[in-house]
Amino acid sequence: MCIQRTQALKMGLYGSKKARAAIDSTFIHAYSRRKKKAGVSDKGARVGKVQRTTYALGWRAHTIATHERLPLTYAIRPANVNDKAVAPKLLNQALELRKLVAIRMLIADAQYYCADFFKLLAKRRIKAVIPAPPQVKEPVINLRVRRGFVVEGGKMLVRLYRKRMIVEQVFRAGKRQLNLDNLRWRGAAKVRMHVALCYSAVAITANKMGKPMIAHSIEAFQ
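Residue numbers (our numbering): 674 to 895.
What follows is the structure in structure tokens.
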């Protein structure tokens, strides 16, 4: 994805140099069949949560996307790896691109609520918009998620938190229209390549057509 991302950055498709970004992960089903003697055919994949109550064998694409609904950077991990474990490295990868786009705000759900992550964001001078889970009595910022996934807190923070949908829109478009969740490869390296191609296809094609403004609209290519 590096070449395509650099091209997209130079095209200005990620928005202004001070970007609002969101981080999240999405499940990708493994291309694997269980064999009686050898076990699963994609040995790198692991069983993880697909939705709240369903589990399957697969991977997770951990992604940071900007407010222009384009992925800035991503990492592929087995589906049983916790989001918080991947977040610091993923953020550092995104910050390496600061000459072309700087993250001024990072929005995430309660899965990323962690004192160390807040400290890292503060050190990097990035505003954190991450709600505290219900069991936290004294949240770092005035934002928390209640039972039933109701978010409460300062009006501005609640409004900003709703912008987290930008990364979910990236996942939704990738799965519905770019075959993101239709793997025909096995192993982390090939899964990473599959995700890179899905993420970069529309932006680069739009540029080649001489219509960079439609890079954020997959429907324009259908």
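Each residue gets a CB set at the ideal place from its N, CA and C atoms; glycine is no exception.
If I'm right that residue 718 touches residue 752 with Cβ under 8 Å, what's the distance once you round it to whole angstroms?
-> The residue given as residue 718 occupies position 45 in the sequence shown. The residue given as residue 752 occupies position 79 in the sequence shown. About 7 Å separates the beta carbon of residue 718 from that of residue 752, a gap short enough to meet the 8 Å contact definition.
Among 793, 837, 776, 744, which residue has its Cα nearest to the Cα of residue 757?
-> Taking the first residue of the sequence shown as 1, we reach residue 757 at position 84. Residue 793 is the option with its Cα nearest to residue 757.
Excluding five sequence neighbours on each side, which residues of the same chain lie with their C-beta closer than 7 Å to the C-beta of residue 806?
-> Here the question's residue 806 lines up with position 133 in the sequence shown. Counting only Cβ-Cβ distances below 7 Å, and skipping sequence neighbours, we find 783, 786, 818.
Closest residue to residue 845 among 705, 701, 828 (Cα-Cα distance) | In the sequence shown, counting from the first residue as 1, residue 845 sits at position 172. Checking every option, the nearest Cα to that of residue 845 belongs to 701.
Report the residue from 762, 728, 855 whose alpha carbon sits nearest the alpha carbon of residue 737.
-> As a position in the sequence shown, residue 737 is number 64, starting the count at 1. When only C-alpha atoms are compared, the closest one is 762.
Are the C-beta atoms of residue 831 and some chain D residue less than 8 Å apart?
-> Here chain D cannot be found, since the structure has a single protein chain.
Out of 744, 715, 808, 790, state which residue places its alpha-carbon closest to the alpha-carbon of residue 820.
-> Along the sequence shown, one-based indexing puts residue 820 at 147. Nearest C-alpha to residue 820 among 744, 715, 808, 790: 808.
Applying the criterion that 16 or more other CB atoms from any shown protein chain within 10 Å of the CB defines a buried residue, is residue 699 buried or exposed?
-> To locate residue 699, count along the sequence shown from 1; it is residue 26. In this structure residue 699 is buried. Its beta-carbon is surrounded by 16 or more other beta-carbon atoms within 10 angstroms.
Pick helix, strand or coil for residue 791, following the three-state DSSP scheme.
-> Taking the first residue of the sequence shown as position 1, residue 791 is located at position 118. Residue state, collapsed to three classes: helix.
Sorted by chain position, which residues of the same chain lie with C-beta nearer than 7 Å to residue 759's C-beta, five sequence neighbours on each side aside?
-> On the sequence shown, position 86 is the one that residue 759 refers to. Once the five neighbours on either side are set aside, the close Cβ partners of residue 759 are 735, 748, 750.
Could you tell me which of 781, 788, 789, 694 sits nearest to residue 824, measuring between CA atoms?
-> The residue you call residue 824 lines up with position 151 of the sequence shown. When each option's Cα is compared against that of residue 824, the closest is 781.
Closest to residue 788 by CA distance: which of 814, 692, 732 is it?
-> Along the sequence shown, one-based indexing puts residue 788 at 115. Looking at the Cα atoms, 814 is the closest of the given residues.
How many angstroms separate the CA atom of residue 732 from the CA atom of residue 848?
-> On the sequence shown, position 59 is the one that residue 732 refers to. On the sequence shown, position 175 is the one that residue 848 refers to. Taking the straight line joining both Cα atoms gives about 14 Å.
Check the DSSP bridge columns for residue 780 and list the partner residues they point to.
-> Numbered from 1 along the sequence shown, position 107 holds the residue referred to as residue 780. Paired residues: 695, 802.
Using the rule of at least 16 other Cβ atoms within 10 Å of the residue's Cβ for burial, across every protein chain shown, is residue 746 buried or exposed?
-> Working through the sequence shown from its first residue, we reach residue 746 at position 73. Answer is buried; the Cβ neighbour count reaches 16.
Measure the Cβ-Cβ separation of residue 634 and residue 742 and say whether it is below 8 Å.
-> No information on residue 634 is available, as it lies outside the stretch 674 to 895 that the chain covers here.
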